[in-house]
Each structure stands twice: as C-alpha cells, then as structure tokens.
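A.B. asks: Numbering-wise (numbering that gives the first Met the number 0), the sequence shown opens with residue 0 and increments by one.
Where a beta carbon is used, it is the ideal one built from N, C-alpha and C, also for glycine.
Let me give you the structure first, and then I'll get to my questions.
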Amino acid sequence: MAGLNLRRTLFGGNDIAIDLGTANTLIYVKGVGVVVDEPTLLAVNKDDQSILTIGKEAKKLVGRVPDSIELVKPLRDGVISEIEMAEELVKTLLTKAIGRSYSSPRIVICVPNGVTSVEQRSIETAAHATGASEVFTIEEPMAAAIGSGLNIFEPYGNMIIDIGGGTTEIAVISMGDIVNANSVRVGGEDMTEVLIDWLRAEHQILVDSGIAESIKHAVGSAYQYEREPQVTVTGRDIVKGIPKQVLLEASDVRNALAPVVNNIVRQLEFLYLRHHQL
C-alpha cells in the first residue's frame, strides 16, 4: 500500500500492534496488515552513541563491523535491556512504516508471560515514547492463540508453544484466560549459538550467525526425516585460517540443536504434568 493511503488508514487513531522480539520486530496496522518485519538490531557509533542504522541495514553489518561501530540488541531473553535503544528502534520503524503524520495511535505490545513489573514498565515506556495515546500489553501466548484463529473462549484447554528468538512461551488457554503457563528464556538465538559452537568443536570451522541461521532454516528439525536432507557449509578453518567447506546432514544439525530442544521439551512436559495435577 502506498504511504499516503496507509497514513489515511491510520488517521483517526487506528490501532497498531507491536511484537518487539529479541530477534525481529513486527509492526501490524489494523486494516492494513504487517507493515514492518525487521531485525531488532541497531548499529551505533561507539564514540557518541549515535544511531547509524537499524533493522535490515544494521544486520548487513554483522561480521564486518569496524572498531568504531557497535551492534546493539536492545532485547535480551525477550525483555528490554536497553530502553533508550528500544525506544529509538520502535520510533524509527514506525516512522519508516507510516510517516510522521500518524495521530497518537493506540498501541498494543506483546510481552512474555511472567514478565516482571520492571520489565513491563520498560516496554510500556518504549511504546509511550513513540507518541501513543494509549498503550496496552498482551501476553505473547494469548496473542499467538488469537492470531492463529483459536477460539480462546471455549471451555477446554488449548496449549500454545511460541518459540521466539530469546524466549519460548508455553501456555494453556481456556475461557479467555491463561490458566497455566511457563516462560523459558531460550529460543531460536540459543539454537544458532549452539550450532556455531558445535561446528567449531566438531569440524573446526568458524561461521557467523547469519550462516548458522541459514543452516538451521534449511535442515533444522526436531524429528527424523525419511531421507535426511543435506547442506554444504562454508566457513573458515580455525586451525589453518583458510576457507573450508563441510557437508552436513539434517541429523548432524539435529544433534547440535538437541540441548536447546530438549530444554524446551522438558519445560513442556513439566507444564503438562502440572496442568493435569490442578
């Protein structure tokens, strides 16, 4: 949609939803759809802390940042750790998506289940700083259930498992409420890190997070395929310092990801047993 039509849609205080995730930030405009889907990342000048670029442009710098620039992730484990950076990120992405003419919209923002009051206030502060007239928060499992089309008001339980970049949210929802939940501060970024570590230990090859993510997306799985797909990985030999290639099967990646996946499964089992004891 053209910027002018989008601004007209927003005029009159339409609603905006923000999913401020550890890995990516999404902005949804009522009646329009998702207008922003960018990495939650900023490139900052180390000397004066000025923001040079954000989102996709900042991610292009991963692995080739000069000493004068720092890449900042304003969220850790699903919660804001750098409030000012989070505010600037959201304000910049909103302006990029809808221009400066939006009129004090109402904003609903997703938060992890079990977020502390301090963490929630920091999230609300970031949202208010964008010029919102009102700010509401919604637990991520509830937002995921509504977004997937589940009838959350039915008198039986629906279990939601929402694996994000920094947290995994597991919840049982019934009659419009979260009746049991657990938030595990592991997610997709932890899978990326263990894959990097595994490649270094098992194959003496060094890859950056972008390559590790592409491997994860290409052949990552928690279950066994009938025919295991393969992927060729290019990185740097940590012994010789020269380019190196290795051929991986999905089973290799599955073994590398097992510690994180097993952690999530244990928490799922724990919540399942706890729910049936109620």
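Taking residue 210 as the reference, which of 244, 46, 181, 32 has the closest Cα?
C.D. replies: Answer by Cα proximity: 244.
A.B. asks: With a 10 Å radius around its C-beta and 16 neighbouring C-beta atoms as the bar for buried, classify residue 174 as buried or exposed.
C.D. replies: Its Cβ having fewer than 16 others within 10 Å, residue 174 is exposed.
A.B. asks: Would DSSP call residue 221 helix, strand or coil?
C.D. replies: In the structure shown, residue 221 sits in coil (DSSP, three-state: anything other than H, G, I, E or B).
A.B. asks: Kindly confirm or deny that the region 36-44 and the region 184-198 touch, where touching means at least three C-beta pairs closer than 8 Å.
C.D. replies: Flag = no, the region 36-44 and the region 184-198 do not touch.
A.B. asks: Return the Cβ separation of residue 166 and residue 77 in integer angstroms, given the expectation that the two are a contact with Cβ distance under 8 Å.
C.D. replies: The Cβ separation is near 3 Å, so the contact holds.
A.B. asks: Helix, strand or coil: how does DSSP classify residue 163 here?
C.D. replies: Residue state, collapsed to three classes: coil.
A.B. asks: Among residues of its own chain, excluding the 5 on either side of residue 55, which ones have a beta-carbon nearer than 8 Å to its beta-carbon?
C.D. replies: These residues qualify, in order along the chain: 37, 38.
A.B. asks: When you compare the CB positions of residue 283 and residue 218, do they come within less than 9 Å of one another, or not?
C.D. replies: Nothing can be reported for residue 283: it is not among the residues displayed for the chain, which extend from 0 to 277.
A.B. asks: Beta-carbon within less than 8 Å of residue 215's beta-carbon, same chain only, minus the 5 sequence neighbours each way: which residues are those?
C.D. replies: If we look at residue 215 and ignore the five residues flanking it on each side, its Cβ neighbours are 187, 190, 191, 194, 252, 256.
A.B. asks: Which same chain residues end up closer than 6 Å to residue 158 when comparing Cβ atoms and leaving out the 5 residues on each side of it in sequence?
C.D. replies: Closer than 6 Å at Cβ, skipping near neighbours: 171.
A.B. asks: With a threshold of 8 Å on Cβ separation, who are the neighbours of residue 198 within its own chain once the five nearest residues in sequence on each side are excluded?
C.D. replies: So the list reads 204, 205, 206, 211, 232, 234, 245, 255, once near-sequence residues are dropped.
A.B. asks: So is residue 224 buried or exposed if we call it buried at 16+ other beta carbons inside 10 Å?
C.D. replies: By the neighbour-count rule (16 or more Cβ atoms within 10 Å), residue 224 is not buried but exposed.
A.B. asks: Is residue 235 helix, strand or coil by DSSP?
C.D. replies: Three-state result, residue 235: strand.
A.B. asks: Determine the burial state of residue 129: buried for a count of at least 16 other Cβ atoms within 10 Å of its Cβ, exposed for fewer.
C.D. replies: It is buried - the Cβ of residue 129 has at least 16 other Cβ atoms within 10 Å.
A.B. asks: Take the Cβ of residue 131 as the centre, count every other Cβ of all protein chains shown within 10 Å, and call the residue buried at 16 or more, exposed below.
C.D. replies: Residue 131 is buried by the Cβ-count criterion.
A.B. asks: Report yes or no: do the region 149-156 and the region 41-53 share at least 3 C-beta pairs separated by less than 8 Å?
C.D. replies: No: fewer than three Cβ pairs fall under 8 Å.
A.B. asks: Give the DSSP-derived three-state secondary structure of residue 196 in the structure shown.
C.D. replies: Helix.
A.B. asks: Just curious, the alpha helix (DSSP H) that residue 144 is in, first and last residue?
C.D. replies: Counting along the chain, the alpha helix (DSSP H) containing residue 144 begins and ends at 139-146.
A.B. asks: Which first and last residues belong to the alpha helix (DSSP H) in which residue 182 is found?
C.D. replies: Not the alpha helix (DSSP H): residue 182 falls in the beta strand (DSSP E), residues 176-183.
A.B. asks: Can you check DSSP and say which residues form a bridge with residue 27?
C.D. replies: Residue 27 pairs with 16, 33.
A.B. asks: Determine, using beta carbons only, whether residue 118 and residue 108 come nearer to each other than 9 Å.
C.D. replies: Not closer than 9 Å, so no.
A.B. asks: Exposed or buried, residue 264, counting other C-beta atoms within 10 Å across all chains shown (16 or more means buried)?
C.D. replies: Flag for residue 264 reads exposed.
A.B. asks: Less than 7 Å between C-beta atoms, sequence neighbours within five positions excluded: which residues of the same chain meet that for residue 127?
C.D. replies: Hits under 7 Å: 134.
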